[in-house]
Structure formats: structure tokens, C-alpha cells
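Comments concern the structure below.
Below, the structure is given as C-alpha cells:
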């Protein structure tokens, strides 16, 4: 097993089923142009030494094509084909494995950002009215976002940060109104309206419902008159 | 010179509108048909004159006539022709003129189409629309005139607000206004019906296409607004529950209620007063939307014009209109009293009633949320905000109820649902709904609303496909496709409506995807850096510059890779020079399952920039769902009046036509 | 039954209209400050003159904290009054003015003071508007009157106007023993 020292970042792809190729293949994972890899390894498939020579080749050296010292392909066509086929398969697998870190400097989001976002989404940008701190492009919103970020990174709790803004800007700053005091109207009125409406509607339908089997003309005129009267009082 | 001609034409149109209204009214009282005919001619000429007025303003834009104040404020030499022609509705004055022109246009079309068939109502329609148009023209001519000159003219204009220089903004206002104004015609018919006492079904038949047309244009307008917000405002969202968005949504909700309950009146002759109430409310809410935007009473990102005298005038105008409409409704509703008879609790009629209850409550909720801050501010010395979190908690459950009824609707028939059929039909959609719950769990949806929505989506799809399947089955003698075609052709309205429902289901998928599964990253990147988001690897390849038309931009070029495929995405921060605020132009890569959305932020230091990168799942479903809704309505509108008006008798196959 | 619905409908319409009529008179941009009658948040930063400045150092005096920026148009309108006020109150030992120049550059501030006159009091420099956010400021100019115990007593949103000191500040200052 040979492990060739190569500058970081490297990725070790586990041994693949490639016939004569038994080694772990160190892959430079940089700038990741796959075409280069194909050219490089195609030549490389012919001999182990050539492979090493290639991998050791300095960065500036063209990885493509045959190097002058690569031995001629003295093996049967079938072998070449098989190798090529295996290699294609290998490349496919490789692509799947290598795709994420193909690039030089993978970056991650600062872990505090999720909390910053959560808080900023629920605070209103004080000058742009109707946009949250997170969504707004205004200067104040950007600086408020900065303040939130500082506080989150300083380890303040979500509630404390929300409260900080509440202390300074009042109810206005919360995009979600509190459920206290008069705001109860806001929160409950739709459901109360729905409930009352449903009850009224239910009762009205029960009243409007007429016995279905015998159709209207089976009723006595008196009955019809009374129903009519009843309905007149209730129709909406 | 030309703009004065336009101004003069508008003044003449104003006088003609007063004539149209006044002379027709006199004609009605003195029983002089000739006078009514004068009103008709006046309305036609007023429309032509307003067309001329609009034409001169557009011409002033196209010729860069900066001596016209409105042009100088909303255009520049560098503005592309595309936006130049549409800058007409880029500002307050032009929007109002456009509104008035649309009203005149619809008025003329309505009178031309219905002149011979609705002789009783038409005089009143002339009176009402004439007065309304005159009211709007007062606002245009005296309080916000687009015809004013600016002497001496500036060398170049101040340019259109860069936010509005977006294709979404080209289409959003006209469709929205067409929707708003489109409801004026059914409204006028309804008022005429109330006044004449002929509040039977005539007005509903006459206005069926108008209401569908207004509803579909309003829908398109709202969706274009969402699309515009998504593309331009750059926060990865499309709907912010802004008061102005709400203002367009409220009439949509009541109009939707109307479209449903009107079917009950057409078929069963019930709920006449209720329908009148709904259409009047819809139009009143449309005007309220205009009022909210134009008066500056509620501040929001959209309210680009606010002027107290305008506000006072609009308030007076609104008061007259609202008190007149609802006053007439209350006073004349007696005439419409008709016995309501339902045969069963379990019938389409009662399902529609509950659908109406939910839709009207939804509209009331939006109204409450929109006006509550104003009420608190006016009545106490404090301020509150009512933002998206409120609507997400309160509005969504109501909408889920509507979704449930939407699924039940096709399963139950008019008059009374037959228990046997219910027993036969219900298990399939209910089973699908249970599959939906399972699916939601598998998809890792933890939010209860999300689970319910997925279940209901499948429920609706199940009941709708079942309905179609039963219809095809009933024509067992025919080949499947043949039967399907015959079925669809026979009742375009019904199947158009069902298609609209499926469009809504598709949009619900978009809401769930983008609402619950949005992923975002806030970070700083230098060229060469890459990040992983979902299945995408996004690499900042380079920072560069770009320029076109009237802007210059900083441009970030990204390569987004996903397995084998890779795309180049360009996020820009555009500077339009004359107005300093730079505009972000998000880079958006759309696939059917997600949008990759990149916003370029501010520079942190040399070669290091802030970025926001979003993965917005299923956003494309919103636009496709909306397109499906529009197709459904157009399909429904293809149906002629005759076949819509026949009264119901259960069709032989047991499936309601 | 029916008349109830009719009444509700008409009352609802009237209520909405009344709300709009009242609402037209409101300025939608004015947000009342909850900081009034609460301790003023302290700040200790660099002043425009390069020396450190701290609010708590003024404890025992009435402090007018004026938020401004060279980018702000109304501040220009307000400035003559601040010049007058600074001159008129220079002799008072119980009253100081502190400016807070926020979201600004030192250069911009210097230019502003050179062009419109330097009132002579010191200015805290707050380029990232940290102090401004700490004080619940959302625009400029805004002014706070802080009492000797460090409590905010009054907030003025928008420019101070001639006579403000006599009308608003003095009565408060004299009421305190």
C-alpha cells in the first residue's frame, strides 16, 4: 500500500475493483477539472510506475496526454477496453464521491446565523415598515442585523435579544403581535367569527331544510304559509 | 401641445361622464328613452376621449417629453422602450388615469354588449358607472394630474423607480387594475338589479363572464405581484402580507366566495341577497385597495404617493360609494326575499354555504390584520405591527378548512347527497389523505399545518380525479379519451372549475415546499470559495462588472453544480445612478423541484462579499399552479350562456353535470 | 334577525370609514418610544474630537442627547436652533447637550459642522449606529432629554423647534427640586 504525500487538501478514495489496480489512489482534489483526470489516468492505467510518475508530477506540469517515457500500450485490445470500461465506471463513482469537495475552499455558514435569521425574521425593520429586519435592504435593518449577530455571538438568549429590541422600540418591533391585552381581539376574533358564523349557518340550514320525501305540494296550504312566514323572518 | 390636447380630452370626458350620469337619470325619471340614449352616446365618446388622453401621455413618454412633469418624474432618456411604454402606471397619477381608462373601456364594452338584452338595468348602469368615472376624473384632473407641465423642462428625467423596472412590474399593475375595475361591471349590474327590483337571475347571467374575467385577471395580477416580489425584492419570499398585497387579496377572497355561491343561485335560485352582498363587498374592497395605496393612510413599501388632500377626497368618494351601495342593499333587500329551501344538510348547497363562510371569514381576517395597526394607532398612543407570523398562524387554518371543503365539493351532489354514493366514493380520497399523512411523515414534515395540508392536497386530488373517473365511466360505451373529451366539452364550467382547484392544490405544494423547507445561508465569500446547499455545490467563480441600458452593476458569477450538471448563475447589484439605492438582482436557477436563489449583499472588505444563498423548494409549482388556474378559468369561460343557465335535473348517470 | 345583520353591516362600514378619517390625520412614520421614563442606555465611545465620551459622566445634569447625521436633511433645518440653544445654555451648570453623529463618516460630520456652524458641544461618533439602535432611534433628527438621575424624560421625534427648551425642557427642570 502506497500513500503518496501530496499537499492538502486530499481525499482518499477507497480501493475500487479495478483488476490490476490495487492501490489506494490519492487524488488531488483541487480545481477539479475532471477532464484532466481522465487524461491523466488513462495514460496511467498502463503502468504503476507511470501512475506514480504522473502523480508526482509538479502542479505546473501538464497532466494530460502521454508523457514521453510512458511505455507503449502492449496489451490486448480487450484489456484496454476492459480497463477503459472499468475506469469509466470508476470515474462515475468518483464523481459521485468527490463532487462536494471538488473546490478549493469549501466554506460553511457560521453556526450562529440560523439563530440570527430566526430572530431577525420576526423583528420589524423600524424604518421600512412592513419588512422584517432580515428581509429589508435598508441601512438601519442591516445595522440591526449586525446588533443581533453580535448579541447571538456573545451568547445571549433569543428571548433576551427580542426583549432588548422590545424595550427600545415597543410592540411595534414584533412582527407577530403579542397575545396580551387588546391584541387578544386580533388573535381570537377570526375564530370567534368563524364559530358564530358556523353556528348561525348550521341553525339556518336546519331551519331551511324541508322534509325531503314529500315535495312541497304535499303540504297543506296552512303549513306552507307557516313555513313561508318562518322563512321570511329568517332569510338572509 | 399634445399633452394639452390629452388634458382637454380628459376634461371633456369628465363633462361627458356627468352628462352620462345626469341625463340618463333624468331620462329614467321622465321616461324619456331618448335621454338614455344620449347617456349611451356620451359614455362611448367619453371612452374615446379618455383613450386619446392616455394616448397623449404614452406618446409623451415615448418621445421623452420631459416638459410633462409626470414624464420627467418617471422616465429618462436611458430608460428602455419596454419600460418607457409602461411607465404610464409607474406612478400615482398615471395609475389613476389608467384605472379610469379601464373603467371607461369596460363601461363601453358592457353597454355595447348588453344594450339590447338588458334594457331595464342598462340606464342605471350608465348612471352608476358614469358617476363613478366622474369621481375618478375629479381626482385625476384636480388632485393628481398627469398632464401638468414642468417649465422649464429638464434635460433628462428622473427615471422610473428602479424597483419598477422589472418585467413583473410591467404586467402586475394592469392585470390587478383589470381585476379591480372588472368587478365594477357586475357591481353596477347588481346595483341596477337592486334599484329596479329586478333582482332575479338576469344580472347574474349577464355578469357571469365579467366576474370570471375580473377574477382571473385579479388572480394573474396577484401572482405577478408575488413573482415580482420574488424576483426583485431579493429576500427569497414572494408574499409578505403587506397591506397593499392584502388589499388585492381581500377582493379575491370575496370574489371567490361569490363565484361559488352564484352557482347556487343559478341552479336553485337561492341566496340572492347574499350574492348581491358579496359582489358589492368585492367591489368595495377593490376600491378600498386603491384607497389604501393612494391615500397613504397605511404606510407600506408600495405607497409611493401620499398627500392629505387626495386622501380626504378618496375618503369622501369611498364614503359616498360605500354608504350608497350598502344602504341600497339594506333598503331594497326586502324585494329579494325568497323562500330558501334546502333538502338536506348534506348537499352541495350547504357545502357552498360553509365555503362562503370560510372565505368571508378569511377576508375578514385579512381586513382585521390590515386595519388593526391603524385602529390601535388611532385609538391609543401605541403602535403594533401585524406581520406574516400572525397570518401564518391565523389565516392558514381557515384556508385548510377551505381546502377540505374543496375536496368534499365534487363528492356530494345538489339537493341532497345520496348516502350510497357517499359510501362508495368517500373511502378513496380519504384513503389517499391517509397516504398523504404517511407521505408527510416520510418527507419529514413536522409542522402540523404541513401534515394536514399534504393530506388535504391528496384528498382534493383524489376526489377530483374520482369525479372525472365516474364521469368517464358513465360513458362506458365510448373509448376512454373519447368519453373524456365528451365529458369535458359538455360541462366546461364544471371541469374548468375543477382544474382551478387542482391549480390551487399545486400552489399549496409550492407553499409547503418553500414555506417549510426553505434553506438559507448567510455568509461571506471570496472568489474561489464554494458552499454546499442541499444537493448543490455553489462556487463563486469571479466578481465582475456589468452594464446595460441605464444601469451598471457589480456582478457575482457562480457555478452551481449538482451531480453532473452545472449551471452558471449571475447575481447582480445594480446601480441606476439617479436614484442612489442599489437594486439587487437575484440569480435564480429554477428546476421543477427547487429554485437556487443567490443574492449579492454588501462588500465586507476587498474581495470579500456578503451573500445570501437560498434553496427554495417547489417555488416553480406556484407559477405552474397559477397557470393552471388561469387555464381552468379560460376553459370555463368558453361555455356559452345557454348551457350554463339551464336548471338542474340530475343527469342520467347520477353525476351532476 | 334580519335587522340585526343590516345594522351590523352598516355599523361595520361606518366604523371602517371613521377609522380612515381618523387615520388620515396620523403620521404613519411616528413611533412612540417606550424608553421614556426609563433609564437612558449608557454609551462610552470615541467622540468626533477623538477623545472618549461617556454619557454617565454627565450624571447630575440634564442632558439633551441629539441624534443627527450629515446625511439628514431635517438636521440642517434643526441646526440653527441647536446653535442658539447651545449659546443660550452655555452658562448653565445643570444642562449639557451631547450630539450623537450616527451612520456617518468623520469627514462628512466635519464638513457638516464647518458649513452649518459648530455649536460647540461634543458629539459621540456612532458609525454603525449601535448607540442609535440602543436608544430606539429610527430616524434623524431625534432628541432625548435625560434627567440628572439618568432617566429619559422626553423624546422629540423630528427637529427641535424654536422655543422647545422653554416649552418642554425648562418646566421639567424646574419642577425637579
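Residue numbers (my numbering), protein chains in the order written: chain A, 1 to 236; chain B, 1001 to 1657; chain C, 2001 to 2177.
Built from N, CA and C at the ideal position, the CB exists for glycine as well.
With distances taken from CA atoms, which of the options is nearest residue i?
i: residue 1631 (chain B); options: B:1252, B:1234 and B:1212; result: B:1212
i: residue 1152 (chain B); options: B:1137, B:1107, B:1135 and B:1066; result: B:1066
i: residue 2024 (chain C); options: B:1204, B:1133, B:1028 and B:1291; result: B:1291
i: residue 1284 (chain B); options: B:1574, B:1268, B:1249 and B:1514; result: B:1249
i: residue 118 (chain A); options: A:172, A:105 and A:132; result: A:132
i: residue 1009 (chain B); options: B:1052, B:1027, B:1029 and B:1038; result: B:1052
i: residue 1316 (chain B); options: C:2008, C:2009, C:2014 and C:2005; result: C:2014
i: residue 1577 (chain B); options: B:1368, B:1550, B:1177 and B:1610; result: B:1550
i: residue 2122 (chain C); options: C:2163, C:2038 and C:2057; result: C:2057
i: residue 171 (chain A); options: B:1177, B:1012 and B:1383; result: B:1383
i: residue 2117 (chain C); options: C:2093, C:2086 and C:2134; result: C:2086
Let me see if you follow: with CB-CB separation under 8 Å, is residue i close to chain C or not?
i: residue 126 (chain A); result: yes
i: residue 1318 (chain B); result: yes
i: residue 1311 (chain B); result: yes
i: residue 1283 (chain B); result: no
i: residue 1129 (chain B); result: no
Among residues of its own chain, excluding the 5 on either side of residue i, which ones have a beta-carbon nearer than 6 Å to its beta-carbon?
i: residue 1156 (chain B); result: 1076 and 1077
i: residue 1225 (chain B); result: 1172
i: residue 116 (chain A); result: 148, 149 and 152
i: residue 2137 (chain C); result: 2067
i: residue 123 (chain A); result: 133, 165 and 173
Is DSSP giving residue i helix, strand or coil here?
i: residue 1519 (chain B); result: strand
i: residue 1111 (chain B); result: helix
i: residue 1535 (chain B); result: coil
i: residue 1185 (chain B); result: helix
i: residue 1248 (chain B); result: helix
i: residue 1259 (chain B); result: helix
i: residue 1599 (chain B); result: strand
i: residue 1273 (chain B); result: helix
i: residue 1478 (chain B); result: coil
i: residue 2100 (chain C); result: strand
i: residue 153 (chain A); result: helix
i: residue 1266 (chain B); result: helix
In its own chain, which residues sit with a C-beta less than 7 Å from the C-beta of residue i, not counting the 5 before and 5 after it?
i: residue 1636 (chain B); result: 1212, 1492, 1493, 1496 and 1497
i: residue 1143 (chain B); result: 1309, 1310 and 1313
i: residue 1131 (chain B); result: 1021
i: residue 2106 (chain C); result: 2048 and 2125
i: residue 1271 (chain B); result: 1261, 1264 and 1265
Give me, in chain order, the residues of the same chain whose beta-carbon lies closer than 8 Å to that of residue i; leave out the 5 immediate sequence neighbours on both sides.
i: residue 1280 (chain B); result: 1187, 1190, 1191, 1325, 1326 and 1329
i: residue 1016 (chain B); result: 1042, 1043, 1045, 1046 and 1049
i: residue 1519 (chain B); result: 1533, 1534, 1614 and 1615
i: residue 1223 (chain B); result: 1622, 1623 and 1626
With a threshold of 8 Å between beta-carbons, can residue i be considered close to chain A, or not?
i: residue 2134 (chain C); result: yes
i: residue 1240 (chain B); result: yes
i: residue 2128 (chain C); result: yes
i: residue 2167 (chain C); result: no
i: residue 1595 (chain B); result: no
i: residue 1344 (chain B); result: yes
For residue i, decide whether its Cβ has a neighbour in chain B, counting only Cβ atoms nearer than 8 Å.
i: residue 119 (chain A); result: no
i: residue 2035 (chain C); result: no
i: residue 139 (chain A); result: no
i: residue 2097 (chain C); result: no
i: residue 2139 (chain C); result: no
i: residue 106 (chain A); result: yes
i: residue 2154 (chain C); result: no
Got a sec: which bits of the region 141 to 174 of chain A sit with their beta carbon under 7 Å from any beta carbon on chain C, in order along the chain? When CB distances to chain C are screened at a threshold of 7 Å, the residues of the region 141 to 174 of chain A falling below it are 143, 144, 146, 147, 167, 168, 169, 170 and 172, in chain order.
Taking beta-carbon pairs under 9 Å, can you tell me which members of the region 1505 to 1525 of chain B lie near chain A? Flagged, chain order: 1520, 1521, 1522, 1523, 1524 and 1525.
If contact means a Cβ-Cβ distance below 7 Å, which residues of the region 2101 to 2131 of chain C contact chain A? Result list: 2103, 2128, 2129 and 2130.
Closer than 7 Å, Cβ to any Cβ of chain C: which residues of the region 1370 to 1385 of chain B, in chain order? Near chain C, meaning a CB-to-CB distance below 7 Å, the residues of the region 1370 to 1385 of chain B are 1371, 1374, 1375, 1377, 1378, 1381, 1382 and 1383.
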